[in-house]
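2 protein chains.
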Amino acid sequence: MSGIRALARRLELSIGTVSRALNGRPDVNPATRDRVLNAAREMGYRPNQSGRALRHGRTSTVGLVMETGNPSTLGGDSFFMWLVDALQEELAVAGLDLVILPCHSADDPIAFLERQVARRAVDALIISATRRQDARIAYLAGSDTPFVALGRSETPGDYAWIDLDFETVARESVERLAALGHRRIAVAVPQGDANLAHLYLRGYRAAVAALGLPDDPALVLRTSASENGGVEVAQAILAMDPRPTAVMLGHEMMAIGLYSTLERAGLRPGADLSVVGFRQNPQLGFLSPSLACFRLDLGELGRALGRSVVDVLASPAGLKPGRLIWPMGFEPGPSMEPPPL
Amino acid sequence: MSGIRALARRLELSIGTVSRALNGRPDVNPATRDRVLNAAREMGYRPNQSGRALRHGRTSTVGLVMETGNPSTLGGDSFFMWLVDALQEELAVAGLDLVILPCHSADDPIAFLERQVARRAVDALIISATRRQDARIAYLAGSDTPFVALGRSETPGDYAWIDLDFETVARESVERLAALGHRRIAVAVPQGDANLAHLYLRGYRAAVAALGLPDDPALVLRTSASENGGVEVAQAILAMDPRPTAVMLGHEMMAIGLYSTLERAGLRPGADLSVVGFRQNPQLGFLSPSLACFRLDLGELGRALGRSVVDVLASPAGLKPGRLIWPMGFEPGPSMEPPPL
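Those protein sequence lines, which keep their order, are chains C and R.
For the first sequence, the residue numbers in numbering that gives the first Met the number 0 are 0 to 340.
For the second sequence, the residue numbers in numbering that gives the first Met the number 0 are 0 to 340.
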């Protein structure tokens with residue numbers, strides 16, 4: 000529990016109230032404000048963002064656009080829930096509230112954003128699940144609504160973003176598998192035009208070329224970013240001849256469906272097919288053998304995203320927006336073994 | 000895809016725009032409105048809620064308060080994501096937008112609600128994860144903000160709610176296990192003061208008493224509503240002497256941790272320990288053997304919740320609010336067997 004939440008708990012106040020008191024907002028009872036400031040002094044709490052001149056609109060609210068109705072959110076992917084906790088806390092430090100704006104994947108994302116902008120219910124927006132060409136970025140870059148993208152895009156524009164290092168993760172996965180002796184390495188990539196799929200595949204292809212491994216189009220499997228995608232990947236691999244000796248997964252939840260399907264076919268990850276997952280995730284802890292994958296601290300990422308939003312609101316227009324490629328460390332596991340002889 | 004979404008897709012408009020056109024709202028381009036009304040006529044679409052006199056405030060927005068930072072949302076429980084899709088669609092039919100208001104479990108829930116009410120950013124609220132005694136219900140019942148609770152409570156008040164039939168699910172689980180010959184039946188109940196835990200345990204106790212089964216307090220296991228809760232339940236059962244021959248799980252995600260822990264101990268669900276889960280869920284489809292559990296159509300539930308909100312906004316004050324206990328049908332599976340001889 001970091002500073003402001005500990006302070007709120009000790010005072011039995013909401014984070015929002017504590018935040019508004021620390022930021023000198025007028026809608027706080029003076030006695031409460033004094034209690035908060037005294038406790039903050041006692042606990043040595045220094046709100047690093049307070050006192051900044053934010054370009055507050057009328058709402059002091061930030062909207063996180065979350066795509067719903069897709070295989071990932073309908074599966075067990077709790078990515079956003081972890082992110083939201085830390086993001087909300089970081090925004091609260093700057094006196095900002097967070098609301099989640101669900102946008103169904105079947106709806107027109109531009110019409111959705113136009114509506115949010117027209118309603119003026121938020122001072123800034125966070126968009127996610129960026130596409131390789133992303134019309135939302137073009138639209139928002141031309142609007143007067145500040146925004147941050149969780150994810151890059153090839154759409155040009157001066158905008159702030161944070162993205163995971165998909166390219167390095169894929170390159171490192173190939174290199175580590177090749178070091179164990181694997182040559183035919185399959186790669187599972189989310190279907191559709193998500194930019195992350197493009198980046199992951201680019202990292203895979205660069206490493207395959209650099210190491211002189213077979214560059215067989217049949218090894219590239221397009222599937223849904225979910226548990227069911229992993230089922231499809233396992234079925235495709237079982238039907239291949241020659242079969243790849245390893246597979247790397249471009250979405251974390253694929254491992255669950257892959258393990259289950261291999262098990263039903265009497266095969267064991269590691270001994271029969273090496274597997275490298277994407278993001279380490281508490282739910283993958285129930286898989287046996289443990290999955291080799293990559294670590295990501297979603298609390299840190301959520302806080303960085305919150306700081307980025309605050310920076311965008313605080314910056315004079317025209318300042319260079321912040322951009323950050325987030326590294327992920329490799330976590331070994333017995334799902335990787337040398338190929339069968 | 001139901002009516003309004005099909006209509007929006009055909010017209011390449013957002014659901015929100017279609018909804019506003021159907022509801023005669025002024026913020027729609029007249030040409031767009033005519034296109035929508037013509038297409039609706041052609042497709043035979045009848046918006047059942049349109050034209051109702053809703054007690055619209057200024058926002059036409061409904062806020063779903065979602066508790067974050069708890070074991071359930073941080074695990075792989077996608078309950079809310081399924082619910083949100085259908086809820087959003089049903090609200091759109093009545094010209095209402097949905098926003099999700101994340102409230103961290105460490106924050107004061109009353110302070111959070113007071114703030115939402117003071118900001119007047121939503122016309123109505125939906126609260127969930129109701130407690131046996133729930134101060135939020137007492138607060139909202141005394142406010143002028145219409146609300147619907149997803150979940151009952153013993154806190155008195157004239158309010159609308161929808162709740163799952165936890166009591167019948169638990170009673171039926173005991174009865175079906177007893178019919179197979181089980182007598183020592185353990186029950187895993189979410190810890191804390193969630194009302195659903197109280198209802199589930201009440202159903203268990205009523206059936207145990209009616210059937211004359213052993214009423215041993217050691218058989219009641221309090222744990223977290225998550226995968227990790229299932230790990231704890233399995234560990235507790237493995238340490239018991241005499242061991243129960245069956246366990247029923249008061250939260251759906253517990254099955255994942257339970258299966259994993261039994262497997263590591265060399266035990267198989269069904270043959271070695273019968274298991275009845277709570278809600279059927281796509282993620283449980285990866286468990287082997289298949290889990291006996293209860294079916295719930297979250298799309299139907301989400302739409303019913305949306306209609307309940309619309310009713311609350313449409314009703315003249317003083318009308319009896321809607322209340323609904325949602326039945327769940329049993330789904331058999333090989334995780335239930337007669338006890339070992």
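Just so it is clear, CB atoms sit at the ideal spot from N, CA and C, and this is done for glycine as well.
Taking 7 Å as the limit between beta carbons, can you name the residues of its chain near residue i, skipping five residues before and five after?
{"i": "S334/C", "result": "P268, G269, S273, V274, P288, S289, L290, A291"}
{"i": "R242/C", "result": "I236"}
{"i": "G265/C", "result": "none"}
{"i": "Q48/C", "result": "Annotation note: pLDDT 42 at Q48/C (below 50); position unreliable, coordinate value reported separately. These residues qualify, in order along the chain: V92, A93, V309."}
{"i": "S307/C", "result": "V147, A159, I161, G321"}
{"i": "Q190/R", "result": "R221, T222, S223"}
{"i": "R294/R", "result": "Q279, M327, G328, E330"}
Does DSSP classify residue i as helix, strand or coil?
{"i": "S259/C", "result": "helix"}
{"i": "S273/C", "result": "strand"}
{"i": "L35/R", "result": "It is Val, not Leu, that sits at residue 35/R in the sequence shown. In the structure shown, V35/R sits in a helix (DSSP, three-state: H, G or I)."}
{"i": "R322/C", "result": "strand"}
{"i": "H103/C", "result": "strand"}
{"i": "L266/C", "result": "coil"}
{"i": "G2/R", "result": "helix"}
{"i": "D164/R", "result": "coil"}
{"i": "L139/C", "result": "helix"}
{"i": "V98/C", "result": "strand"}
{"i": "T72/C", "result": "helix"}
{"i": "T154/R", "result": "coil"}
{"i": "R170/C", "result": "helix"}
{"i": "T60/C", "result": "strand"}
{"i": "I86/R", "result": "The sequence shown places Leu at residue 86/R, not Ile. It is helical."}
{"i": "R182/C", "result": "coil"}
{"i": "G328/C", "result": "strand"}
{"i": "R221/C", "result": "strand"}
{"i": "S18/C", "result": "helix"}
{"i": "S307/R", "result": "helix"}
{"i": "P242/R", "result": "Looking at the sequence shown, residue 242/R is not Pro but Arg. Coil, per DSSP."}
{"i": "A134/R", "result": "helix"}
Leaving out the 5 sequence neighbours to the left and right, which residues in its chain are closer than 8 Å to residue i when beta-carbon positions are compared?
{"i": "L218/R", "result": "R183, I184, A185, V186, P243"}
{"i": "G256/C", "result": "S225, E226, N227, G228, G229, V230, E231, V232, A233"}
{"i": "T72/R", "result": "M65, E66, F79"}
{"i": "T31/C", "result": "L12, T16, A20"}
{"i": "R4/R", "result": "I14, E88"}
{"i": "V83/C", "result": "L63, L97, I99, G301"}
{"i": "L297/R", "result": "F78, W81, L82, A85"}
For residue i, count the other beta carbons within 10 Å of its own beta carbon; 16 or more makes it buried, fewer makes it exposed. Which is it?
{"i": "G68/R", "result": "buried"}
{"i": "M42/C", "result": "exposed"}
{"i": "G406/R", "result": "This structure leaves residue 406/R out entirely; chain R is present only between 0 and 340."}
{"i": "D122/C", "result": "buried"}
{"i": "A196/R", "result": "buried"}
{"i": "N22/R", "result": "buried"}
{"i": "P101/C", "result": "buried"}
{"i": "N37/R", "result": "exposed"}
{"i": "A169/R", "result": "buried"}
{"i": "A120/C", "result": "buried"}
{"i": "P70/C", "result": "buried"}
{"i": "Q132/C", "result": "exposed"}
{"i": "L300/R", "result": "buried"}
{"i": "E336/C", "result": "buried"}
{"i": "A7/C", "result": "buried"}
{"i": "A117/C", "result": "exposed"}
{"i": "L112/C", "result": "buried"}
Spatial neighbours of residue i within its chain, please: CB distance less than 6 Å, with the 5 preceding and 5 following residues excluded, ordered by chain position.
{"i": "L95/C", "result": "S59, V61"}
{"i": "R51/C", "result": "Low confidence applies to R51/C: its pLDDT is 44, below 50, so where it sits in the model is not reliable enough to give any reading."}
{"i": "D143/R", "result": "none"}
{"i": "T260/R", "result": "V230, A233"}
{"i": "A202/C", "result": "Note that residue 202/C corresponds to Gly in the displayed sequence, not to Ala. Result list for G202/C: E166, A169, R170, in chain order."}
Members of the stretch 239 to 258 of chain C that neighbour chain R once the beta carbon cut-off is set at 9 Å: M252, I255, G256, Y258
Contact residues within the stretch 117 to 132 of chain R, judged by C-beta distance below 7 Å to chain C: A120
Contacting positions in the stretch 267 to 290 of chain R - beta carbon closer than 9 Å to chain C: N280, P281, Q282, G284, F285, L286, S287
Stretch-stretch touch, CB-based, cutoff 8 Å, three pairs: the stretch 176 to 189 of chain C with the stretch 145 to 163 of chain C: no
Positions along the stretch 204 to 235 of chain R whose CB lies within less than 7 Å of some CB in chain C: E226
Validate contact between the stretch 245 to 260 of chain C and the stretch 74 to 91 of chain C using beta carbons, cut 8 Å, 3 pairs: yes
Contact between the stretch 102 to 109 of chain R and the stretch 11 to 26 of chain C (3+ Cβ pairs under 8 Å): yes
The stretch 135 to 151 of chain C touching the stretch 201 to 208 of chain C, judged by at least three CB pairs closer than 8 Å: no
Against chain C: residues of the stretch 96 to 113 of chain R by CB proximity under 7 Å: L97, V98, I99, L100, P101, H103, A105, D106, D107, A110, F111
Near-chain R residues of the stretch 14 to 28 of chain C (beta-carbon distance less than 8 Å), N- to C-terminal order: I14, G15, T16, D26
Members of the stretch 323 to 339 of chain C that neighbour chain R once the beta carbon cut-off is set at 7 Å: none
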